[in-house]
Amino acid sequence: MRDGSKEVGTAPVAVFDAMDDLRHAMHEPGKGTWFTAVITADASLRYQTTFEYDSEPDFVPQINAGSYLDDMRHFPRTEENTPDWLKRRLEEARHEAP
24 MRDGSKEVGT APVAVFDAMD DLRHAMHEPG KGTWFTAVIT ADASLRYQTT
74 FEYDSEPDFV PQINAGSYLD DMRHFPRTEE NTPDWLKRRL EEARHEAP
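Residue numbers (the numbering used here): 24 to 121.
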């Protein structure tokens, strides 16, 4: 905002679809893809993006473990490119599966 404050909001569904397409486009075999993206724009509409490949997303509510298992099927990672928090969540999902 002009006064330096920030406005946070929920994006339309079309934005989420575009972000999903971007996750697919940025996928690197063995490395996977990013989990969170931060896009900031200033008053002149200059923007900056940051993509986080390895940190656990801080979503509220928290993502269920099964969603990470699905994500790993779509965007596989090698053992060395799988962060410890993700290994724990994947193991949790495998134990929850029927």
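Ideal Cβ positions, reconstructed from N, Cα and C, are used throughout, including at glycine.
On a Cα-Cα basis, can you pick out the residue from the options that is closest to residue i?
i      : options                      : result
Glu115 : Glu102, Lys54, Ile86, Tyr70  : Ile86
Arg100 : His50, Asp43, Val61, Arg46   : His50
Phe82  : Phe58, Glu103, Lys110        : Phe58
Asp94  : Ser67, Gly55, Glu103         : Gly55
His47  : Pro35, Arg112, Phe98, Arg111 : Phe98
Would you mind giving the Cβ-Cβ distance between residue i and residue j, rounded to the nearest angstrom? I have them listed as a contact below 8 Å.
i     : j     : result
Ala60 : Phe39 : That pair is no contact at about 11 Å.
If we ignore side chains and look at the alpha-carbon of each, how far apart do residue i and residue j end up?
i      : j      : result
Gln71  : Val31  : 15 Å
Asp65  : Ala37  : 22 Å
Asn104 : Leu68  : 34 Å
Leu92  : Asp26  : 43 Å
Leu45  : Pro52  : 15 Å
Trp89  : Trp108 : What sits at residue 89 in the sequence shown is Gly, not Trp. In a straight line, the C-alpha of Gly89 is about 14 Å away from that of Trp108.
Ala41  : Leu113 : 26 Å
Ser78  : Pro106 : 8 Å
Thr63  : Pro35  : 16 Å
Ala118 : Arg96  : This sequence places His at residue 118; Ala is not what is there. Cα to Cα, the separation comes out at about 17 Å.
Lys110 : Asp43  : 22 Å
Give the DSSP bridge partners of residue i, in chain order.
i     : result
Ile62 : Thr72
Gly32 : Looking at the DSSP assignment, Gly32 forms no beta bridge with any residue, so it has no partner.
Lys54 : Arg100
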